[in-house]
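Q:
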Amino acid sequence: MIKPANTPAPRQDDPPYRPGEPVALFIPCYIDQFYPRVAEATAKLLTKCGVPIVYPEGQTCCGQPAFNSGYWEESKRVIHHFCDTFEGHRWIVTPSGSCAAMCRVFFGHVDPDERIVGIGRRVFELTEFLVDVLGVTDTGATYPRKVTMHVGCHTRRELGVVEQPLALLRGIREMTYCELPEMSDCCGFGGTFSVKMPEMSLSMGRAKVENIVRSGAEVVVSPDTSCLMHVAGIMQRTEEAKHIEVKHIAELLVSE
Amino acid sequence: MNSENLHLEGASFLKQQNEGLYEPAGSKATGEAAVRSTDKNRVITGAIPYWQDWREQARDIKRHAVANLDKLLVEFERNIAARGATVLWAETAEEANRMVIDIAREHDVRSVVKGKSMVTEEMELNRSLQAAGIRTVETDLGEYIVQLAKQRPTHIVTPALHLSAEEVGRLFHEKLDEPFTSEHQQLTDIARRHLREEFISADMGMSGCNFAIADTGTMAIVENEGNVGLSTSTPPIHVATIGIEKVIPSIHYLPVFLQLLARVGTGQSLTSYTHLIHGTTPGKKLYIILLDNGRTRILRDPAAHNALTCIRCGMCLNVCPVYRRAGGWAYGWVYPGPIGSIISPHLVGMKQAGTLPFASSLCGACSEVCPVKIDIPHQLVHLRHRAVCEPSPANSILDRLTWRAWAWAMSGPRRYKLAMWAVRVGVRAAGVIPQCLHVDKLRAWTRGRELPKVPGPAFRKWWKRQRP
Chain A
-19 MIKPANTPAP RQDDPPYRPG EPVALFIPCY IDQFYPRVAE ATAKLLTKCG
31 VPIVYPEGQT CCGQPAFNSG YWEESKRVIH HFCDTFEGHR WIVTPSGSCA
81 AMCRVFFGHV DPDERIVGIG RRVFELTEFL VDVLGVTDTG ATYPRKVTMH
131 VGCHTRRELG VVEQPLALLR GIREMTYCEL PEMSDCCGFG GTFSVKMPEM
181 SLSMGRAKVE NIVRSGAEVV VSPDTSCLMH VAGIMQRTEE AKHIEVKHIA
231 ELLVSE
Chain B
-19 MNSENLHLEG ASFLKQQNEG LYEPAGSKAT GEAAVRSTDK NRVITGAIPY
31 WQDWREQARD IKRHAVANLD KLLVEFERNI AARGATVLWA ETAEEANRMV
81 IDIAREHDVR SVVKGKSMVT EEMELNRSLQ AAGIRTVETD LGEYIVQLAK
131 QRPTHIVTPA LHLSAEEVGR LFHEKLDEPF TSEHQQLTDI ARRHLREEFI
181 SADMGMSGCN FAIADTGTMA IVENEGNVGL STSTPPIHVA TIGIEKVIPS
231 IHYLPVFLQL LARVGTGQSL TSYTHLIHGT TPGKKLYIIL LDNGRTRILR
281 DPAAHNALTC IRCGMCLNVC PVYRRAGGWA YGWVYPGPIG SIISPHLVGM
331 KQAGTLPFAS SLCGACSEVC PVKIDIPHQL VHLRHRAVCE PSPANSILDR
381 LTWRAWAWAM SGPRRYKLAM WAVRVGVRAA GVIPQCLHVD KLRAWTRGRE
431 LPKVPGPAFR KWWKRQRP
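If you read the sequences in order, they're chains A and B.
In this text, residue positions in the first sequence follow the working numbering: the first is -19, and each later residue adds one.
In this text, residue positions in the second sequence follow the working numbering: the first is -19, and each later residue adds one.
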């Protein structure tokens, strides 16, 4: 597994997770509004694993769109709101690797304040939390279909999370895992990159879609809904990929 | 692999100065060759169990060197000057060019043979020497081809990556009056024959330098074709141009760098030739030009220091999905690809290169393979921040206002709900309104992708229903 040099690890100085400790859900803005089913699956999944969850209702966004666009002052304002909202929560879990990377890796770039960095480092990507913190790889799910997986670049390279979602997929009963050719290639979404350099973004996305078709899967899953929004948007316009369904990994992990 | 020669909007900022170089030719070859290099590289680096340890060592040594440039460069100068070399310090490219021309005039030089050097590309030395009436011949095969074609390199290690063997064959037929062939061996023989004469007749040889070693005062230069050996030893004068970041503290550290550079740069366990030049030989002259050309500007920005640790292996170009599709010229200056996007803005200024840091999806494939572990995507976001704050083409008041409004909406739950209601209405409307009427940013999305369907209530409403 690749751990990039500059990723701060989750806080080692804090005590490990004790069963029954509550976990705060962070549902990123686009999931809240456009993919509520992903958030619902996440909530159900954590509950199924015996984790009590809370949902701080003031939450909005992690600040990533402005950060990646260079507008750090604007991003900082949103980050501060995030930290005010999640202050005091020891465990924060989100079904988006990219947002988790923003919190854990990049908060410190915008504001090196100890409190901000400390809260950012308590944010876990969902599959990472299940496997590394809870030690769960079998969620009791059954899913009798052919599935392939795309892992977003922030999840893979900033968080070093690849094995965790794979381990969880292996735990699903009756599912056939189809290897995705050139799995580590970027899908071309890249946040505002997708509209700043649309031709480049689309070209990369089409290559990803070709590989998904080649994998022979009926369903493509990912721990990153943002990549999927872009990939699904292209697949709907691609004749040979129209039939392929797009799901967040949490949706598979709660299916029975 | 689909390569489509895509334009990096706004990034080819020196386009006007390089007319005719931006024709969409040969980018397919670039993409394919880059994929081949990547595959080869994975095999050769995967075979080394302690590869990651080497990378960490190399990173630490280079970071130490960059932090101690002042001391190490002086140590290098003292040690190599003690063995007869003349060391000159140039602040700008113009100054360095003038130094080379002065040396050439002093010794009545008519023709120069050059080993491959990115620094001389940066200086546009060939142009300056030609303007001074001095003939220059690039002797690295790739550079020779690119020079014959009157182009610029598209890659920092393999300059003619964008040309196929057929294209090179046609070029040789046209410019060297040789019978057409696309056979690699025959093409190499042709170049070798022509270059041999150049080596013999040249009055001066030039080279770059891969590692300037401080404690022994040694220049380490690696190559595969023997042309650097001939360029630096056949003519009576050798002029080496070195970017000041090339210095490393000790010769004890050289083996790790030689291994890293060869394996990553060209997929070899070691390059065919490694030259260690410690000083002059009897009857010959050695000049060394240490060039800053904006590098000390990078030192002023602590967040950017890592960009100076680059050893120019070119691997970040090979793995970059944007480079593979756009080719080297799209980046507008000497250094293309991810490394170009993080050093060009410093070296030529934000005003000219301010859009380059945006030419990336921040996927990080580059930093995953970088032999000195440069945090390229982090450098890119840092530069994006600078680009929108400093005078640059990326600095726009409209964008600033948009992000201000976004930040306002996103820093309170009520405002968030209001903004999201508007977004939902907007996305629904966009689904009904014909695509041709979409505003720019929306059309950028919808011309190749469907918008997500607006679902029922947001998650927060579901949550409230679940836990009243």
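C-beta: ideal position from N, C-alpha, C; glycine also.
Under 6 Å Cβ to Cβ from B/Val93, same chain only, skipping five residues before and after it: list those, please.
A: Taken in chain order, the residues that qualify are Val117, Thr119, Glu178, Phe179, Ala182, Gly185, Ser211.
Q: Just the chain B side, please: which residues come within less than 7 Å of A/Glu54 by C-beta, in chain order?
A: Ordered by position in chain B, the residues that pass the 7 Å Cβ test against A/Glu54 are Trp383, Arg384, Trp386, Ala387.
Q: Have a look at B/Pro4 and B/Tyr315 and give me their C-alpha separation to the nearest angstrom.
A: Since pLDDT at B/Pro4 reaches only 41, below the 50 mark, its modelled position is unreliable, and no value is offered.
Q: Taking the alpha helix (DSSP H) that B/Glu154 falls in, what are its first and last residues?
A: 145 to 156 is the extent of the alpha helix (DSSP H) around B/Glu154.
Q: Find the nearest neighbour of B/Tyr267 within the set B/Gly274, B/Pro235, B/Pro215, B/Asp157, judged by alpha-carbon distance.
A: Of the candidates B/Gly274, B/Pro235, B/Pro215, B/Asp157, the one whose C-alpha sits nearest the C-alpha of B/Tyr267 is B/Pro215.
Q: Candidates A/Pro(-4), A/Thr107, A/Gly115, A/Arg57: which alpha carbon is nearest B/Ala387's?
A: It is A/Arg57 whose Cα lies nearest to the Cα of B/Ala387.
Q: Using CA coordinates, which residue listed in B/Arg304, B/Leu342, B/Trp313, B/Pro432 is at the minimum distance from B/Gly455?
A: Missing from the structure shown is residue 455 of chain B; chain B here goes from -19 to 448 and no further.
Q: Count the other CB atoms within 10 Å of the CB of A/Cys133; is the residue buried (16 or more) or exposed (fewer)?
A: Burial call: buried.
Q: So, does the CB of A/Arg150 fall closer than 7 Å to a CB anywhere in chain B?
A: Output row for A/Arg150: interface = no.
Q: Suppose you measure from the CA of B/Gly6 to the CA of B/Ala129; what does that come to, to the nearest Å?
A: Caution is warranted here: a pLDDT of 45 is assigned to B/Gly6, below 50, making its placement in the model unreliable, and the coordinate value is therefore given only provisionally. If you take the alpha carbons of B/Gly6 and B/Ala129, they lie about 13 Å apart.
Q: Hey, out of A/Ala147, A/Val211, A/Glu198, A/Leu139, whose CA is closest to A/Cys166's CA?
A: Selected option, being the one with the closest Cα: A/Val211.
Q: Kindly say whether B/Cys296, judged by its beta-carbon, lies nearer than 7 Å to any beta-carbon of chain A.
A: It does not; no Cβ of chain A falls within 7 Å.
Q: Would you list, in chain order, the members of the region 407 to 429 of chain B that have their beta-carbon closer than 7 Å to a beta-carbon of chain A?
A: Cβ contacts with chain A: Lys421, Ala424, Trp425, Arg427, Gly428, Arg429.
Q: Is the beta carbon of B/Ile201 closer than 7 Å to that of B/Val208?
A: The answer is yes: Cβ separation under 7 Å.
Q: How about B/Leu(-6): is its C-beta nearer than 7 Å to some C-beta of chain A?
A: Low confidence applies here, because B/Leu(-6) scores a pLDDT of 43, under 50, leaving its location unreliable; read the following figure in that light. Not closer than 7 Å to any Cβ of chain A, the Cβ of B/Leu(-6) fails to qualify, so no.
Q: Taking only runs that begin and end inside the region 47 to 109 of chain A, name each unbroken alpha helix (DSSP H) of 4 or more residues, in chain order.
A: DSSP runs (the alpha helix (DSSP H)) wholly in the region 47 to 109 of chain A: 52 to 66, 77 to 81, 87 to 90, 94 to 100.
Q: Name the residue from A/Val127, A/Asp12, A/Arg125 whose alpha carbon lies nearest to the alpha carbon of B/Pro457.
A: Residue 457 of chain B cannot be examined here, being either before or after the span of chain B that is shown, -19 to 448.
Q: Out of A/Val131, A/Tyr15, A/Cys29, A/Val85, state which residue places its alpha-carbon closest to the alpha-carbon of A/Cys42.
A: If we check each option's Cα against that of A/Cys42, A/Val85 comes out closest.
Q: Out of curiosity, what's the CA-to-CA distance linking A/Pro224 and A/Cys158?
A: Here residue 224 of chain A is Ile; the residue named in the question, Pro, does not match the sequence. Going by the C-alpha atoms only, they are around 13 Å apart.
Q: Roughly how many angstroms lie between the CA atoms of B/Leu136 and B/Thr251, to the nearest whole one?
A: Looking at the sequence shown, residue 136 of chain B is not Leu but Ile. Each residue's Cα considered, the two are about 16 Å apart.
Q: With DSSP collapsed to three states, give me the class of A/Ala4.
A: Three-state result, A/Ala4: strand.
Q: Between the Cα of A/Val175 and those of B/Lys444, B/Arg429, B/Trp425, spot the shortest distance and give me the residue it belongs to.
A: Ranking the options by Cα distance to A/Val175, first place goes to B/Trp425.
Q: Where does B/Tyr303 sit, in a helix, a strand or coil, going by DSSP?
A: Three-state result, B/Tyr303: helix.
Q: Mind checking which residues open and close the alpha helix (DSSP H) that includes B/Ile319?
A: 317 to 328 is the extent of the alpha helix (DSSP H) around B/Ile319.
Q: Along the chain, where does the alpha helix (DSSP H) containing A/Thr22 start, and where does it finish?
A: Here the alpha helix (DSSP H) through A/Thr22 covers 16 to 28.
Q: Out of A/Ile59, A/Gly38, A/Met129, A/Val234, state which residue places its alpha-carbon closest to the alpha-carbon of A/Pro161.
A: When only C-alpha atoms are compared, the closest one is A/Met129.
Q: How would you label B/Val67, buried or exposed, when you count the other beta carbons within 10 angstroms and need 16 or more for buried?
A: Buried, since its Cβ has 16 or more Cβ neighbours within 10 Å.
Q: Could you give the uninterrupted runs of the beta strand (DSSP E) lying entirely in the region 117 to 181 of chain A, keeping only those of 3 residues or more?
A: List check, beta strand (DSSP E) in window: 126 to 129.
Q: Check whether the region 344 to 357 of chain B and the region 31 to 41 of chain A touch, using three or more Cβ-Cβ pairs below 8 Å as the test.
A: The answer is no - the region 31 to 41 of chain A does not touch the region 344 to 357 of chain B, with fewer than three Cβ pairs under 8 Å.
Q: Could you tell me whether the Cβ of B/Pro282 comes closer than 7 Å to any Cβ of chain A?
A: Output row for B/Pro282: interface = no.
Q: Does the beta carbon of A/Asp12 come closer than 7 Å to any beta carbon on chain B?
A: Yes, because at least one Cβ of chain B sits closer than 7 Å to the Cβ of A/Asp12.
Q: Mind listing which residues of the region 154 to 173 of chain B have their C-beta closer than 8 Å to chain A's C-betas, in chain order?
A: So nothing in the stretch comes that close.
Q: Do you know offhand how far B/Arg176's Cα is from B/Tyr124's?
A: Each residue's Cα considered, the two are about 13 Å apart.
Q: What is the rounded straight-line gap between the Cα of B/Gly274 and the Cα of A/Ala19?
A: Each residue's Cα considered, the two are about 49 Å apart.
Q: Measuring CA to CA, which of B/Glu154, B/Glu158, B/Ser162 is closest to B/Glu146?
A: Out of B/Glu154, B/Glu158, B/Ser162, B/Ser162 has the C-alpha closest to the C-alpha of B/Glu146.
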